[in-house]
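Read the structure below first, then the notes.
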Amino acid sequence: MSNKVELKGKCLCGAVKYKLSEKPLFTQACHCKDCKVLTGSSYVINSSVVENTFSIEGEISSTIKLQAGSGKYVQMFFCNKCGSYIYTDYESAIGRLNVRTKTLEKSEEFPPQAHIFTKDKDEWVNLSNFNNCFEKMYDPKETWPKESLSRIKEYLNIKK
Ligand SMILES: [Zn+2]
Ligand SMILES: [Zn+2]
0 MSNKVELKGK
10 CLCGAVKYKL
20 SEKPLFTQAC
30 HCKDCKVLTG
40 SSYVINSSVV
50 ENTFSIEGEI
60 SSTIKLQAGS
70 GKYVQMFFCN
80 KCGSYIYTDY
90 ESAIGRLNVR
100 TKTLEKSEEF
110 PPQAHIFTKD
120 KDEWVNLSNF
130 NNCFEKMYDP
140 KETWPKESLS
150 RIKEYLNIKK
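Under numbering that gives the first Met the number 0, residue 159 is the last one in the sequence shown; the count climbs by one each step, no gaps.
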């Protein structure tokens, strides 16, 4: 399957729209305490994308830079009008952005490939049938598909 696609996403009110020219590298659910507060929910689902495959239009605002669990900074971007969270820029994720998976039109095609920070998982979220669970973070080199690792590696090499 080719990675070249055209995936579309948008906020709730439709004022912000974005496109992805390649499929996401990896999709994961994070159950950490910060993500709970940020989303007002039990976990967030993010899809990691190569930054130059993402294009967005419409008025967006950003949060202040917040410190992530890694100690590095993170900034969230959302629609000015309806407040839907669209994507996150993690300082630790070089060359990548994290789109909020559920803002994608065909989000059901991108279920979480891993669940992270399950040490903070709500008890009533049952992941007993799911293998790729991590107490905290994982090593992408061991968890991501090889194809995704080579795509981001290639991009970072071109960027240099
Ligand atoms: Zn909106
Ligand atoms: Zn989190």
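Note that the Cβ used here is the ideal one computed from N, Cα and C, for glycine as well.
No experiment lies behind these values; they were computed from the predicted model shown.
Between residue 47 and residue 24, is the Cβ-Cβ spacing less than 8 Å? Working through the sequence shown from its first residue, we reach residue 47 at position 48. Working through the sequence shown from its first residue, we reach residue 24 at position 25. Contact flag set, yes.
Closest by CA to residue 26, which one among 14, 11 and 95? Reading the sequence shown from its first residue, position 27 is the one you call residue 26. Considering only alpha carbons, the answer is 95.
Is it a yes or a no for the region 26-38 touching the region 105-118, going by three-plus beta-carbon pairs under 8 Å? yes
Where does residue 154 sit, in a helix, a strand or coil, going by DSSP? Numbered from 1 along the sequence shown, position 155 holds the residue referred to as residue 154. If DSSP states are grouped into helix, strand and coil, residue 154 belongs with the helices.
Thinking C-alpha only, which one of 75, 55, 4 and 136 is nearest residue 62? What you label residue 62 is simply residue 63 of the sequence shown in a count that begins at 1. Nearest C-alpha to residue 62: 75.
For residue 50, name the three-state secondary structure that DSSP assigns. In the sequence shown, the residue the question calls residue 50 occupies position 51. DSSP places residue 50 in helix when its eight states are reduced to three.
Please list, in chain order, all residues with a C-beta atom less than 5 Å from at least one heavy atom of ligand 2. 29, 31 and 34
Within the structure, which residues are defined as neighbours of ligand 1 by a Cβ-heavy atom distance below 7 Å, reported in chain order? 10, 11, 12, 13, 14, 15, 78, 80, 81 and 83
DSSP puts residue 9 in a beta bridge; with which residues? Residue 9 sits at position 10 when you count from the first residue of the sequence shown. Looking at the DSSP assignment, residue 9 forms a beta bridge with 16.
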